[in-house]
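2 protein chains.
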Amino acid sequence: MKSGKKIGIRDIAKKAGVSIGTVDRVLHNRAEVSEKTRKKVLKIIKDLNYHPNVLAQRLASDKIFRFFILIPRRSADNSYWEGPLSGILKAETEIKAYGIQLDKYFFNLNDKNSFRRESLKLLTSRPDGIIVAPVFEHESREFLRKCDDNTIPYVLIDTIIKGQSYLSYYGQNSRQSGYLAGKLIGLKLKRHSEVLIVNFTSELKNRPHLLEREEGLRSYLKEQDFKGRVKNINVSSMAEKEIDEIILQNLHNRTRGVFATSSAHKVAKIVKTAGKRKRIMVGYDLTEDNVLYLENGTIDFLICQRPFEQGYHSLMSLFDHFVKTTKVRKNNPMPLEIITRENYKNSLDYKKYKNEEQ
Amino acid sequence: MKSGKKIGIRDIAKKAGVSIGTVDRVLHNRAEVSEKTRKKVLKIIKDLNYHPNVLAQRLASDKIFRFFILIPRRSADNSYWEGPLSGILKAETEIKAYGIQLDKYFFNLNDKNSFRRESLKLLTSRPDGIIVAPVFEHESREFLRKCDDNTIPYVLIDTIIKGQSYLSYYGQNSRQSGYLAGKLIGLKLKRHSEVLIVNFTSELKNRPHLLEREEGLRSYLKEQDFKGRVKNINVSSMAEKEIDEIILQNLHNRTRGVFATSSAHKVAKIVKTAGKRKRIMVGYDLTEDNVLYLENGTIDFLICQRPFEQGYHSLMSLFDHFVKTTKVRKNNPMPLEIITRENYKNSLDYKKYKNEEQ
DNA sequence: CTGAAAGCGCTTACAG
DNA sequence: CTGAAAGCGCTTACAG
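One line per chain: the protein sequences are A and P, in this order. My numbering puts the first residue of the first sequence at 14, with every later residue one more than the last. My numbering puts the first residue of the second sequence at 14, with every later residue one more than the last.
As structure tokens, this is what we get:
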């Protein structure tokens, strides 16, 4: 690269006394080369520090890479998955010219069967690589095993499934995010304050990380030697009115911190009616509903994990692996962002969700 | 794109009854084409929704784009500029294959003359595009005027110079960042609390945005109807001991908020000795020195503006403009990040600065 | 196991 | 003002 002209496959061929076709075979580990010439060529490649020109490779090859995504559909009451999808689409436009085809499959976040159905459909198309949000543990393991059997590499997004041989993972560190929530809530706590944690259990069972968020918060408070009460209520799939009632009952004068491990806006609705008294409320994700309560001051902090970037990098990870054939970083915990009324408009994810072009 | 095979320059040529050479001329607005054929070709390009293949363009062309950067050198007492540089280098590796050459010029943040010197040197090389951190207003305007005269597009990073016709700008919204600091400090304020603002004036004169940070803070407190005292001290270029003395004198029992508009670690050093009493301290930037005081709990919040991303996108902006010839978003205020002891290790910029591969 | 040739979708002189 | 040909650095059949 430094010494004047770039070296190409032709230079390697000349130096090795073979044709460029043979160099190409060595480069791609094709079998039809004698061990002797393979070694010779490999040595020269290394000596000359040769790196193939990716542009030329892609232009000459008619191979098309087919990548598939399998993520939740954006639903009326949850706009979260719009973020990762936008990021994936942005990456798609950047790499389309390289001969990438992207097929999109969506499932219903409240229906395991839709996940299974779509995953089966997907596999019949023989993808080169997959991005999957494995939110249902059991069904996901089943699916990932099939991927392994067919040696199809996959990227995990949002949720990690331990013990699987994924290519890379992009997601949050749930425990740490709860720990961070503890710091924020802790700012207002006194000796006899109370902290209220609200879990929506209907969402809980499929998503172990909601529990980890609670654990993180509790561990922070314990570390800080907080002596007050930490109460958690698990709201199951009851009627909305009933849910509202329960939350309201648990909001006391001493409640200085409210932590919603998901669907913050549902909790905020009640907290707002209860009046704001030096309370800190922390929730998750910059969704449309949540933003309303951020704006009116009910929610103080939203913890976010860059959904847009998660999507963008997931696809880029497949691209780097297959097209650039570079090593890919396996575990990618996303930065924990603290979003407030004062900075949310500058947040990239807010811009995406407002469809402002980056 | 959708209907089977992609259309290329050859298809356009055939349909227009001209050679591909002529299509190429139209595509690049070269003059040697009759108005009649130009119009005909242009219409077909539009009808067929043709988009040139960037890979093929770059492969065929021997044109090399030369981009230059002119940013402050990382100094012993300020590691900030390592961030933008890392981002630029990351972008460089991604686009090198496209025939991009990047030349790097650095100046001394405390020496206007070094800026002038390097900028003159740079211009003799006839760059295609420039990334510049215009921290010295007067000298920068002089330089940018020369760029305009030579019709060299430039990207502004970190600081914006109003009234200049920059290609794009990446940086912070200083006022808003101060406003955000107000929110954070406000969490601990009571009726009779005091807030202490520390400015380092030696740094102030070249960097108007340090003043804007203060303004932002004040405007937040005013909006919240804060009745307590807001005291600012401007530390000039006196001896370190003297500076320490002044800060210490201004730390009272009632001081519930400390805001360092720059060099937070220098202030934190004193705040730490004064003991921690329900005070919130806010500073700027995830530098090595600051991290120490974040870790030991003296600094509660650091406001950051993604220096790595600023660098990365600055270079990508030139790339998009020249190579992809897509429109580039002009103003790009960066998200205001809130960094605490609980989330800094997950911050991308921290990883960069720790040289962890992304 | 290896080489020679055509081609990917463009750009670039060169000829007219 | 326009066209035909060579070439960018690779991959891909095809022939031997």
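Glycine residues also receive a C-beta, built at the ideal position from the N, C-alpha and C atoms.
8 Å Cβ cutoff met for residue i and residue j
i	j	result
P/Lys245	P/Ile198	The question names Lys, but residue 245 of chain P in the sequence shown is Asn. No, the pair does not count as a contact, with Cβ atoms beyond the cut-off.
P/Ala273	P/Gly288	no
A/Ile58	A/Ile33	no
P/Leu224	P/Gly195	no
A/Leu200	A/Ile293	yes
A/Asp333	A/Cys317	no
A/Val248	A/Asn212	yes
A/Arg51	A/Glu45	no
A/Pro346	P/Asn121	no
P/His205	P/Arg267	yes
A/Lys343	A/Val67	no
Own chain, CB closer than 6 Å to residue i, minus 5 neighbours either side, in chain order
i	result
A/Glu301	Ser92
P/Leu230	Gly191, Ala194, Gly195, Phe272
P/Thr35	none
P/Lys103	Tyr325
P/Ile3	Nothing can be reported for residue 3 of chain P, as the shown portion of chain P is limited to 14 through 371.
P/Ser138	none
A/Ala29	Lys53, Val54, Ile57
Residue i versus residue j: straight-line alpha-carbon distance, rounded
i	j	result
P/Asp162	A/Thr172	53 Å
P/Lys53	P/Val31	10 Å
A/Val148	A/Ser250	19 Å
P/Phe372	P/Leu83	Residue 372 of chain P is absent from the model: chain P starts at 14 and stops at 371.
P/Lys282	P/Ile351	21 Å
A/Phe78	A/Glu150	28 Å
A/Phe81	A/Lys109	14 Å
A/Lys19	A/Tyr63	9 Å
P/Tyr167	A/Ile260	55 Å
P/Lys285	P/Gly310	9 Å
P/Asp75	A/Leu72	16 Å
A/Glu207	A/Arg290	13 Å
A/Ser275	A/Leu307	15 Å
A/Ser88	A/Val243	32 Å
A/Leu315	A/Leu305	12 Å
A/Asn126	A/Phe321	26 Å
A/Leu349	P/Lys27	55 Å
A/Val280	A/Trp94	21 Å
P/Asp313	P/Ala252	27 Å
A/Lys175	A/Arg154	10 Å
A/Lys49	P/Asn123	60 Å
Beta-ladder partner(s) of residue i, from DSSP
i	result
A/Met294	A/Val271
A/Val211	A/Ile246, A/Ala273
A/Asp161	Partner(s): none; A/Asp161 has no beta bridge.
P/Asn91	P/Ser88
P/Gly184	P/Asp171, P/Pro346
A/Arg79	A/Gln114
P/Ile58	None; P/Ile58 has no bridge partner.
A/Ile316	A/Tyr297, A/Ile351
P/Val145	P/Leu83, P/Leu169
P/Phe119	P/Ile84
Residues near residue i by beta carbon distance below 8 Å, same chain, minus five either side
i	result
P/Leu40	Ile22, Ile58, Pro65
A/Arg188	Glu225, Arg226, Glu228, Gly229, Ser232
P/Ile415	Residue numbering for chain P in the displayed model covers 14 to 371; residue 415 of chain P lies beyond these limits and cannot be assessed.
P/Lys203	Gly241, Arg269
P/Pro140	Arg79, Phe80, Phe81, Asp116, Ile165
A/Leu135	Phe81, Leu83, Asp116, Tyr118, Ile143
P/Thr339	Asp333
Residue i Cβ short of 7 Å to the ligand COA heavy atom set
i	result
A/Asn121	You won't find the ligand COA in this model; it holds no ligand whatsoever.
Contacting residues, own chain, Cβ-Cβ under 7 Å from residue i (five flanking each side not counted)
i	result
P/Gln237	Gly199
P/Val341	Leu180, Ser181, Ser330, Asp333, His334
P/Asn159	Here the sequence assigns Lys to residue 159 of chain P, which means Asn is not the residue at that position. Excluding residues within five positions, the ones whose Cβ falls inside 7 Å are Leu136.
P/Ser47	none
A/Ser132	Leu83, Phe156
A/Arg4	Beyond the ends of chain A as shown, which are 14 and 371, falls residue 4 of chain A; an answer cannot be given.
| query | Listed from N- to C-terminal order along the chain, which residues in the segment 69-85 of chain P have their beta-carbon within a distance smaller than 9 Å of any beta-carbon of chain A? | reply | Ala69, Arg71, Leu72
| request: Check distances from the C-beta atoms of the segment 298-330 of chain P to those of chain A and list, in chain order, the residues that come in under 8 Å. | output: none
| What residues from the segment 53-67 of chain A come within 8 Å of chain P, judged by C-beta to C-beta, listed N to C? | Asn66, Val67
| task | Scan the segment 348-362 of chain A for residues whose Cβ lies nearer than 8 Å to a Cβ of chain P and list them as they occur along the chain. | result | Pro348, Leu349, Glu350, Ile351, Thr353, Arg354, Glu355, Asn356, Asn359, Ser360, Leu361
| Residues in the segment 210-244 of chain A having any Cβ partner in chain P nearer than 8 Å | Tyr233
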